[in-house]
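Participant: Can you keep this structure in mind? I'll have questions shortly.
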Amino acid sequence: MTMRETWRGVRVALVVDKQEVDAHRVAAAVKLLPELTTDASRIESAADRWTWNVSKGEGDTLENQVLTLVTQIRPRRESLMTLQRDGYAVHVDIAGTAGTGSPMVLRPAVLAELASLGVPVTVTCLSPTGSAEPDPLSWLDA
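Mapping of the sequence shown onto numbering that gives the first Met the number 0: residues 0 to 141, in sequence order.
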């Protein structure tokens, strides 16, 4: 994986959305392994969203985060498909702060691993403060 210095704070998350998320049901479907949950890795739950932010700590690479997520989730792929059939939206989100023209490159083998999950992938460009950019194409203006 190659990433220029301008991509900062990259994180990978499994996101499950529904108007009323049953956090216990989602957690049971995902069955996170204790060795894959760290202080830096966290679960966030709200009324309409359940998120597992994958990280092993400061400096964890995008590729490592993707492979950690795939290792955890692939054996539970059928459980995710059941959630989807029951009206849940499941996707993987890759987010980070990008500078003008900065690329994010993943090796084809890592992308194939991610694709093996069978869920959509979104890429979120964050502002320097860490929030979602209101205009995701604002970097084109520079």
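Just so it is clear, CB atoms sit at the ideal spot from N, CA and C, and this is done for glycine as well. Computed from a predicted structure; not experimentally measured.
Quick one: what's got a C-beta closer than 6 Å to V11's C-beta in the same chain, skipping five residues either side?
Facilitator: In the sequence shown, residue 11 corresponds to position 12, counting from 1. Excluding the 5 residues flanking it on each side, V11 has same chain C-beta neighbours closer than 6 Å at V53, Q64, V65, L68 and I93, in chain order.
Participant: If D47 and D16 are in contact, beta carbons under 8 Å, what's the gap, nearest whole angstrom?
Facilitator: Residue 47 sits at position 48 when you count from the first residue of the sequence shown. Residue 16 sits at position 17 when you count from the first residue of the sequence shown. 6 Å between Cβ atoms; contact.
Participant: Identify whether V20 lies in helix, strand or coil by the three-state DSSP scheme.
Facilitator: Counting from one through the sequence shown, the residue named residue 20 turns up at place 21. Coil.
Participant: Given 7 Å as the limit, tell me if T81 has its C-beta closer than that to any heavy atom belonging to the ligand NAP.
Facilitator: In terms of ligand content, the structure shown is empty, and the ligand NAP therefore cannot be addressed.
Participant: Note the first and the last residue of the continuous beta strand (DSSP E) segment covering T50.
Facilitator: Residue mapping note: residue 50 aligns to position 51 of the sequence shown, counting from 1. Unbroken beta strand (DSSP E) run through T50: R48 to V53.
Participant: What are the start and end residues of the beta strand (DSSP E) that includes S44?
Facilitator: Within the sequence shown, numbered from 1, the residue matching residue 44 stands at position 45. Taken as a continuous stretch (DSSP letters only), the beta strand (DSSP E) holding S44 covers R41 to A45.
Participant: Give the DSSP bridge partners of V89, in chain order.
Facilitator: Here residue 89 is taken as the residue at index 90 of the sequence shown, counted from 1. V15, per the DSSP bridge assignment.
Participant: If the criterion is Cβ atoms closer than 8 Å, does the pair E62 and L110 meet it?
Facilitator: Here residue 62 refers to the residue found at position 63 when the sequence shown is read from its first residue. Here residue 110 refers to the residue found at position 111 when the sequence shown is read from its first residue. The answer is no: Cβ separation not under 8 Å.
Participant: Can you tell me whether Q71 is buried or exposed? The criterion is at least 16 other CB atoms within 10 Å of its CB, across all chains shown.
Facilitator: Within the sequence shown, the letter at position 72 stands for residue 71. With 16 or more other Cβ atoms within 10 Å, it is buried.
Participant: To the nearest angstrom, report how far apart A28 and V9 are at their CA atoms.
Facilitator: Counting from one through the sequence shown, the residue named residue 28 turns up at place 29. Counting from one through the sequence shown, the residue named residue 9 turns up at place 10. Answer to the nearest angstrom: the Cα atoms are 26 Å apart.
Participant: Which two residues bound the contiguous alpha helix (DSSP H) that contains S202?
Facilitator: No information on residue 202 is available, as it lies outside the stretch 0 to 141 that the chain covers here.
Participant: From the DSSP output, which residues share a beta bridge with R10?
Facilitator: Locating residue 10 in the sequence shown gives position 11, where the first residue counts as 1. In the DSSP output, where bridge partners are listed per residue, R10 has A94.
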